[in-house]
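In what follows, a structure is listed as structure tokens, so that the remarks can point back to it.
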Ligand SMILES: NC(=O)c1ccc[n+]([C@@H]2O[C@H](COP(=O)([O-])OP(=O)(O)OC[C@H]3O[C@@H](n4cnc5c(N)ncnc54)[C@H](O)[C@@H]3O)[C@@H](O)[C@H]2O)c1
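Written out as structure tokens, the structure reads:
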């Protein structure tokens, strides 16, 4: 069936590319967002997240007015699913989205959840809430689907079009409808999961698996550091075996890998099972900022530099390479820890243009030109700007005897001067 109009609820990192892609194949698409500033920016073709600067197609419009999206026959929810200060799932944005949709939904409409959730949320929380607030019966008068998002901001290769998309629905008829919505967009094809809960679980497992693998690499890196063996060299050697899985150590942040495991942990614990491995991986990955800060202080002290008033360049503050997303990034913690010991920290990130960090973390960014006469350079996130554009200039920012800390082993250490020290995780 042809959808009259599709409304995306929450047009952030996930919702915006989805709305733009759907608008290529469906006659009418709305992007609804509570944040009216974001709505007016998007209507003028400006995306502050990752500069997806587009002329907005005429069949796509962004709105903060619920009444505008009433003509939709399908609502796709892409609102955030964060954790609270106790690291428990915060489903408030999702609940709010359901309450809002319930005000405009009509008989026969379809609601698809794309936000990452633990198994059961779509059918046990969203469905009943939509039913209660709209007065319509779930499965008879409105229908539920789930399709997890696999978008990877900053990655031009693995996109909505090129990566297989998992879909699921509460019955076969609804499933066909869900498939018709996504099929034209996702050139790589769809995978039909056996149930909504299976699809919800699959998404969360993708991120947990990555969290665990990175945690293992981080643990190995800590052990090898004590033994003065370079982990990158070990992994290169081990990687020559046919079944060795290639992962690298590093800081884990963002809204997915650092958050989603807590959703399954919380659900498991509500069922009386206390996941040990998943929790251990989270603990280990959360401790890496402290490890890197302490290591920097040790290296400085070891090279005879007084930490008070030492000049340390900290490069890359976002949670990963080549994006402007700062959510749950561990870099600000490292900056503040070094500042606490009296170091003069010159924080820099080419992807962050505003001074929002000052309000959230008390960190003022510096210009690239200020990176000079440094006792240590810490490349926390090797953006292409550092790896390609400033690769050679970067080494010259260090004083003689300075320390180059390459957290992700992204640089060629042979480019360092003879009297400069190199360290990587
Ligand atoms: N960002 C990613 O790379 C990624 C990848 C896969 C899955 N996910 C999942 O997708 C979901 C969305 O993540 P995101 O990164 O796009 O979030 P985001 O913070 O970038 O965007 C969410 C948008 O939703 C809006 N919003 C919040 N509550 C709302 C409500 N009740 N009604 C309408 N709008 C609302 C916000 O104003 C914001 O613009 C999360 O569950 C996340 O885990 C994200």
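In the working numbering, the protein residues as written are 1 to 425.
Don't be surprised by glycine CBs; every beta carbon is placed ideally from N, CA and C.
Small disclaimer: the values here were computed from a predicted structure and weren't measured.
Judged by their CB atoms, residue 402 and residue 371 are not nearer to each other than the 9 Å cut-off. In the three-state reduction of the DSSP assignment, residue 169 falls in the strand class.
Distances between the C-beta of residue 164 and the heavy atoms of ligand 1 are all 8 Å or more. The closest heavy atom of ligand 1 lies less than 8 Å from the beta carbon of residue 96. Scanning its chain for C-beta atoms nearer than 8 Å, with the 5 sequence neighbours on each side dropped, one finds around residue 91 the residues 81, 117, 121 and 125, in chain order. Annotation for residue 39: 33, 62, 63 and 64 place their beta carbon closer than 7 Å to its own, counting only its chain and skipping 5 residues before and after. Looking at the DSSP output, residue 423 sits in a beta bridge with 405. Uninterrupted alpha helix (DSSP H) stretches at least 4 residues long and entirely within the segment 186 to 244 occur at 196 to 226 and 231 to 238, given in chain order.
With a minimum length of 4 residues, the unbroken runs of alpha helix (DSSP H) contained wholly in the segment 33 to 80 fall at 36 to 43. The three-state secondary structure of residue 400, taken from DSSP, is strand. With at least 16 other beta carbons inside 10 angstroms of its own, residue 147 counts as buried.
Residue 381 is not a Cβ neighbour of residue 312, given a cutoff of 9 Å. Residue 182 sits buried, since 16 or more C-beta atoms from the chains shown fall within 10 Å of its C-beta. The segment 168 to 184 makes no contact with the segment 208 to 224; the number of CB pairs closer than 8 Å stays below 3. In the three-state DSSP reduction, residue 313 falls in the strand class (E or B). Looking at 88, 69 and 49, the one whose alpha-carbon comes closest to that of residue 269 is 88. As DSSP reads the structure, residue 89 sits in a beta bridge with 83.
Residue environment analysis places residue 423 among the buried positions, since at least 16 neighbouring C-beta atoms fall within 10 angstroms of its C-beta. The beta-carbon separation of residue 279 and residue 265, rounded to 6 Å, stays under the 8 Å limit for a contact. Of the other Cβ atoms in all chains shown, 16 or more fall within 10 Å of the Cβ of residue 201; this residue is therefore buried.
When secondary structure is reduced to three states using DSSP, residue 369 falls in the helix class. Restricted to the segment 97 to 154, the beta strand (DSSP E) segments that are unbroken, complete and at least 3 residues in length are 109 to 113 and 142 to 146, listed in chain order.
A residue is called buried when at least 16 other Cβ atoms come within 10 angstroms of its Cβ; residue 363 meets this threshold and is buried. Straight-line spacing of the CA atoms in residue 406 and residue 99 works out to 47 Å.
Taken from the Cβ of residue 6, every heavy atom of ligand 1 lies 8 Å or farther away. The straight-line gap separating the alpha-carbon atoms of residue 247 and residue 262 is approximately 22 Å. DSSP lists 312 as the beta-bridge partner residues of residue 345.
With the rule of 3 Cβ pairs closer than 8 Å, the segment 147 to 161 counts as touching the segment 98 to 115.
Counting only residues of its own chain and dropping the five nearest sequence neighbours on each side, residue 28 has a CB closer than 6 Å to the CB of 5 and 59.
For residue 376, the enclosing beta strand (DSSP E) stretches over residues 374 to 379. Under a 10 Å Cβ-count criterion, residue 217 is classified as buried, with 16 or more other Cβ atoms of the shown protein chains found around its own Cβ. By a beta-carbon distance limit of 8 Å, residue 189 does not contact residue 151. Their separation comes to about 16 Å.
Ranked by how close their Cα comes to the Cα of residue 161, the residues 67, 19 and 282 have 19 in first place. Look at residue 38: its beta carbon is less than 8 Å from one of the heavy atoms in ligand 1. In terms of Cα proximity to residue 155, the closest of 138, 298 and 320 is 320.
In terms of CA proximity to residue 198, 167 leads the group 272, 222 and 167.
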